[in-house]
Every structure is written in C-alpha cells, then in structure tokens.
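In my numbering, the protein residues as written are 5 to 116.
Positions of the beta carbon are idealized from the N, C-alpha and C atoms, including for glycine.
This structure is a prediction, so every number in the text was calculated from the model and none was measured.
Notes follow the structure.
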C-alpha cells in the first residue's frame, strides 16, 4: 500500500513539473520570439500570468493585435509553426510570467 501511495505521489509531482516546464513552449519561444524579446526569462517576465492568459485567449487574438504594426512579427504569428505551437507557447509564458517567480523552464542550459 505504501509503495502504491509513493508511486502515485511521485507521478503527481512529476506531472506538475512537466506542465510547468513546457519544453515545446520553450522551444517555440526560442524559435518565434527570442530574436525580438530576448531569452525566455526576459520574455516571460514581460507580463504576469493572467496577462499572458488574456494574450493567448481566442487563438492569441490580443497577441496578434499587439504585434499588428510589425510586419515581421505578423508574418511569424501567421506562420504554420505558430499555429501548431500556440498552446504550448502560451502555457510556457503563462506558467513563467513575472508573478510566478523563477522561470522554471530556464536551467541555464536551455533558456538562452
């Protein structure tokens, strides 16, 4: 019984950590956003988690509006890659927003 409980607890903790890590989101950030917004740490800290939630609501409608005056950014946001990665990217930024403390997806090797 103790072994099952311990296994269940480890799985729960591990799944929470993986959700926060969002490797796909971090990779998408590096490919789509890093050139203009800097590292994942800097980019995620631009807004708080609830503000990121609003940015990515309704298919990232507000994010697209904010970038509408920048032709290069608009091209990126219309790309197939962005459409395929919008959910993990939003999760990465939301989970690592300014109000969340340390950017959990940045371990020194993967963020820059």
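Alpha helix (DSSP H) containing residue i: first to last residue?
i          : result
residue 60 : Run containing residue 60: none; DSSP gives neither H nor E here.
residue 47 : 44-48
residue 40 : 38-41
residue 93 : 84-99
residue 76 : 75-81
With distance defined between alpha-carbon atoms, name the residue in the options nearest to residue i.
i           : options        : result
residue 101 : 79, 44, 40     : 44
residue 33  : 75, 69, 53, 91 : 91
Should residue i go down as buried or exposed, given a rule of 16 or more other Cβ atoms within 10 Å for buried?
i           : result
residue 99  : buried
residue 105 : exposed
residue 77  : buried
residue 87  : exposed
residue 69  : exposed
residue 27  : exposed
Do three or more CB pairs link the stretch 55-62 to the stretch 30-40 at distances below 8 Å?
no
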